[in-house]
Amino acid sequence: MYTVGRAAELTGVPTGTLRKWEQRYGVVVPQRSSGNYRLYDDEAVRRLSVMRSLVDAGWTAQEAARHVTEDVAAAEARLSRPEVPAFEERFAALVECAQDFDVPRLERLLAEGFADNDVVSVVDDWVMPSMVHLGTAWQRGLVSVAGEHFVTATVHRRLAHAFQSLQPAPSGGPRVVVGLARGARHELGVLAFALVLRSRGVAVTYLGGDLPLEAWVGAVRLIDPQAAVLAVPTVEDLPAVREAVDALMPMTSVLLGGAHQDMVEGPEHLGHFAGAAAARVATRLGAVS
34 MYTVGRAAEL TGVPTGTLRK WEQRYGVVVP QRSSGNYRLY DDEAVRRLSV MRSLVDAGWT
94 AQEAARHVTE DVAAAEARLS RPEVPAFEER FAALVECAQD FDVPRLERLL AEGFADNDVV
154 SVVDDWVMPS MVHLGTAWQR GLVSVAGEHF VTATVHRRLA HAFQSLQPAP SGGPRVVVGL
214 ARGARHELGV LAFALVLRSR GVAVTYLGGD LPLEAWVGAV RLIDPQAAVL AVPTVEDLPA
274 VREAVDALMP MTSVLLGGAH QDMVEGPEHL GHFAGAAAAR VATRLGAVS
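The C-terminal residue of the sequence shown carries number 322 in the numbering used here, and the numbering is unbroken.
Below you can see the structure in the form of structure tokens.
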């Protein structure tokens, strides 16, 4: 639970604005301490963060509040962040690299994209939107399957290199296990999440994709992490994810991301921005970056 001051710090929403959104629009309903102080849980922080992002993107406060109160996950999913021209140019260039199999140009683009010291921005404003643009180009027939795989594999290697290049987390700090369930192979989202989490001082054990249920259970039992993080990248992944969630929830906190996370009941849903979600989790775990 967070005080109003801490909630304001986590969401970037001034305390006065926070109270106004609460009283005027009912975006959150805080609990009360024994001393009658407002207290906000993680779901309230999530709702306030989505509300702020919508307003920053140009929505009116009233319209943003309506969407957040009706369905915060849907509001988060449809959130359209203004794209910086430099990013738009990189998105288009990435598609051209996939069309031409241009290795040197792709390597330069990734070097530029990963040069930003703000890892959250690298993930949420550059890496993941780039993959969306690439997937759209493939669906429209502008990029071949081979071209899409070429770029995706290169981005995966770059994320893995960035993850491995970070300093190990301090001993004795929080530990989290990250990976995908049996049959799931779309790793970019969970790997990006793991990168941000490790950059914030969390000891991350990254298990990769397509991990059988018994392997998940064995790893969590041995490591005893503060949380296990999975994702639901496609609808086809739902049965295996539900199976893994049911097995892991009695053992540890289970956090879930991915495009279809809202179709799985039980675990905490992380939302649709991997970098921001990882940063929130690190803060909550008390990690020292």
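All residues carry an ideal CB built from backbone N, CA and C; glycine is no exception.
In this structure, residue 263 lies away from residue 228, with their beta-carbon atoms at least 7 Å apart. Sorting 55, 222, 315, 250 by C-alpha distance to the C-alpha of residue 159 places 222 at the top. Taking C-beta atoms as the reference points, residue 83 and residue 107 fail to come closer than 7 Å. DSSP lists 262, 301 as the beta-bridge partner residues of residue 288. DSSP, read as helix, strand or coil, puts residue 316 in helix. Beta bridge pairing from DSSP links residue 88 with no other residue.
Just measuring C-alpha positions, the residue of 250, 40, 310, 181 sitting nearest residue 219 is 181. Residue 124 counts as buried, since no fewer than 16 other beta carbons sit within 10 angstroms of its beta carbon.
Looking at the DSSP output, residue 64 shares a beta bridge with 72. For a cut-off of 8 Å, the C-beta gap from residue 314 to residue 256 is around 16 Å, too long to register as a contact. Taking the Cβ atoms as the reference, residue 79 lies roughly 6 Å from residue 304, within the contact range of under 8 Å.
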